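To keep things clear, I will list the structure first and then write my remarks on it.
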Amino acid sequence: MNTESADMQRVVVTGVGALTPLGEGAEALVRALEEGRSGIRFLDVPWAKSLNSALAAPVSTPVESRFTKLRRLTLDRVAQLALLAAGEALTQAGLDFSGDEGLHCGLFWGTGIGGATTLEQAYHESFLDAQARPRPTTIVAFMANGSAGQLSIEFKIRGPSFTYSSACSSSAVALGEAFLAVRHGRVRYALAGGSEALLTLGVMKAWESLQTLAKPDPVRPETSCRPFSRDRSGFILGEGAGALVLETESSARARGATILAEIVGYGNTTDAGHITQPDAGGQSRAMQEALRMAQLAPEQVDAINAHGTGTVVGDGVETRALKIVFGDRAAHIPISATKALHGHLMGASGAVEMVAALGALQRGIVPPTAHWTTPDPACDLDYVTEGARALPTLNTLMSNSFGFGGNNAVLIARRYTWAG
Amino acid sequence: MLVEEFGLTQEQVQPESKLEELGVDSLATVEFMFMLEDKFDLKMTGEPVPLKTVGDIAREVDTLVVQQGITLGEAD
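Now the structure itself:
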């Protein structure tokens, strides 16, 4: 696919925000990953005993208290997380969209489920009592585009808005599509990212049935997710939000904004094979497309943020896909799977991991793949298992996100340098 | 109840206070009417009633209470 044209804009990142199981703010996320701190713990909820295991990666920030009761009427937890992460990103970017600039900003948001808490509450009441009346705000709180709508209202973003739902790649797709929209001049600014809040009884039980969740380690449960390790057994469900402000280089420079990084490539492919099983062919095509768009050779990628969920099948397939794209060099690229520490944030994963990747780029330190214990012949690359690694020459970083349904989204970011 | 459920202040909630100015939009008003129904065991008529102020809500509830023969002391 040829996407190059003379009038394309360089796309830069001027703000990031994150609210994750590793704390509030992008900085907290990046630091915790570097330090190898895990956000995984047993949920302290009354219904925990209904689960095989209540091990999860919840956001411990008191999110609700940041909103008035009146405001909360229409805000599911997923939108509350979105608003807080986006607020951080927009504050850092120094943008105010209440005036005409708001007409030039697009909104690109990803979520796997949307307002799971609200929907489950309505179902719960309705199934238990035929006379029950769900709250009048149920629909607007659980609809998939609820977060995007609330973000637009809060920040007065009045350009085009889109909600992407492709399971675990949702917010990577949102970022990629935002990147294209800025690059091709559709919008000057984009607020892009994703949020997910699905630590509810029904959703967690459904995941348990699918048998992709990690077995809890009896001694150190916080280490239960072990991507690329032979003893891996699955992922840990988490919640959170990640947000980025993208804009044209010319806009950022004209207003004197601090440029954090540049987004240079995006690939998106579909496996068309199986609804859950990943496919190395589809994944590698997405990586190759991102490289092509970025006009980069495989040798120019310095580090990779893997999708790396910690499932037996998934990590092996991703390793094969990396070998297809990078050949012999695959073994020499540091690969981090941060889900071991922040859990699998589903639709929010791609954005949160891009925030982490940009932190790595800025600091020249790649985060580790934590909790790795044992080599696996099917996963024989450099997964940075010893702890965070200083990589002073780190310039270009690829981030992979693959979703159920067979969607593969790959983003490439690099340190920003002005061409003059 | 507006103070308790919506986090408004006593000063804000006066009979002449306009709901819109309190941030209580149409959705929040419906939500509040549901709460009132549950609290006082009332049944709204289902007919649209123009509710613009806190006083409008109080009058509507008073009307329904009389119509439906409800004793408020028992409901709470």
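Chains A and B supply the protein sequences, listed in that same order. Heads up: the first sequence is residues 6 to 425, going by our numbering. Heads up: the second sequence is residues 845 to 920, going by our numbering. C-beta: ideal position from N, C-alpha, C; glycine also. None of these values were measured; they are calculated from a predicted model.
For residue i, would you say it is in contact with chain B, using Cβ-to-Cβ distances shorter than 8 Å as the test?
i: A/Leu327; result: no
i: A/Thr73; result: yes
i: A/Leu180; result: no
i: A/Thr142; result: yes
i: A/Leu242; result: no
i: A/Leu80; result: no
May I ask you to report which of helix, strand or coil DSSP gives residue i?
i: A/Met403; result: strand
i: A/Asp381; result: strand
i: A/Asn7; result: For A/Asn7, the pLDDT reaches just 47, beneath the cut-off of 50, and the residue's location in the model is therefore unreliable, leaving the point undetermined.
i: A/Thr274; result: strand
i: A/Lys74; result: helix
i: A/Tyr128; result: helix
i: A/Gly44; result: coil
i: A/Phe331; result: helix
i: A/Arg188; result: helix
i: A/Ser170; result: coil
i: A/Glu267; result: strand
i: A/Glu29; result: strand
i: A/Ser175; result: helix
i: A/Lys220; result: coil
i: B/Leu895; result: coil
i: A/Arg225; result: coil
i: A/Gly22; result: strand
i: A/Trp52; result: coil
i: B/Lys887; result: coil
Give the straight-line distance between the Cα atoms of residue i and residue j, rounded to the nearest whole angstrom.
i: A/Ala195; j: A/Glu267; result: 14 Å
i: A/Thr316; j: A/Thr228; result: 14 Å
i: A/Leu249; j: A/His109; result: 16 Å
i: A/Asp276; j: A/Gly117; result: 18 Å
i: A/Ser174; j: B/Asp882; result: 42 Å
i: A/Glu254; j: A/Gly270; result: 15 Å
i: A/Thr96; j: A/Gly151; result: 22 Å
i: A/Pro221; j: A/Ala90; result: 29 Å
i: B/Phe850; j: B/Ala872; result: 9 Å
i: A/Ser157; j: A/Arg163; result: 7 Å
i: A/Pro397; j: A/Ala365; result: 10 Å
i: A/Glu159; j: A/Ala146; result: 15 Å
i: A/Ala84; j: A/Asp333; result: 44 Å
i: A/Val322; j: A/Ala362; result: 22 Å
i: A/Asn405; j: A/Leu48; result: 28 Å
i: B/Met845; j: B/Glu875; result: 12 Å
i: B/Thr915; j: B/Val905; result: 12 Å
i: A/Lys54; j: A/Glu213; result: 13 Å
i: A/Asp264; j: A/Ala98; result: Looking at the sequence itself, residue 264 of chain A is Ile, so the reference to Asp does not match. Roughly 9 Å separates the two Cα atoms.
i: A/Ser341; j: A/Leu38; result: 10 Å
i: A/Val330; j: A/Glu304; result: 10 Å
i: A/Phe72; j: A/Leu86; result: 11 Å
i: A/Leu60; j: A/Ser354; result: 18 Å
Would residue i count as contacting chain A if we go by Cβ distances under 8 Å?
i: B/Gly913; result: no
i: B/Phe884; result: no
i: B/Ala872; result: yes
i: B/Gly851; result: yes
i: B/Glu875; result: yes
i: B/Val898; result: no
i: B/Val857; result: no
i: B/Gly867; result: yes
Would you say residue i and residue j are within 8 Å of each other, going by their C-beta atoms?
i: A/Phe93; j: A/Gly30; result: Checking the sequence shown, residue 93 of chain A turns out to be Glu, not Phe. Yes; because the gap between Cβ atoms is below 8 Å, this pair is in contact.
i: A/Gly239; j: A/Leu350; result: no
i: A/Thr324; j: A/Leu386; result: yes
i: A/Val17; j: A/Glu252; result: yes
i: A/Met148; j: A/Gly119; result: yes
i: A/Glu130; j: A/Ala121; result: no
i: B/Gln854; j: B/Leu866; result: no
i: A/Phe113; j: A/Ala33; result: no
i: A/Gly410; j: A/Asn273; result: no
i: A/Ala375; j: A/Ala395; result: no
i: A/Ala373; j: A/Ala393; result: The residue you asked about is not Ala; residue 373 of chain A is Pro in the sequence shown. A contact, by the Cβ cut-off of 8 Å.
i: A/Gly278; j: A/Gly198; result: no
i: B/Thr889; j: B/Ser861; result: no
i: A/Asp307; j: A/Leu215; result: no
i: A/Ala62; j: A/Gly352; result: no
Checklist entry - Is there contact here, the stretch 414-422 of chain A with the stretch 56-66 of chain A, by at least three beta-carbon pairs under 8 Å? => result no
Item to check | Cβ pair count under 8 Å reaching 3, the stretch 288-298 of chain A against the stretch 379-398 of chain A | outcome: no
Checklist entry - Is the stretch 405-420 of chain A close to the stretch 189-205 of chain A, with three or more CB pairs under 8 Å? => result no
Checklist entry - Using a beta-carbon distance cut-off of less than 9 Å, what residues from the stretch 122-138 of chain A approach chain D? => result Going by chain labels, chain D is absent from the structure shown, which instead holds the protein chains A and B.
Item to check | Inter-stretch contact (C-beta, 8 Å, three-pair minimum) for the stretch 11-26 of chain A and the stretch 307-315 of chain A | outcome: no
Checklist entry - Are there three or more Cβ pairs, one per stretch, closer than 8 Å when the stretch 202-212 of chain A is compared with the stretch 161-174 of chain A? => result no
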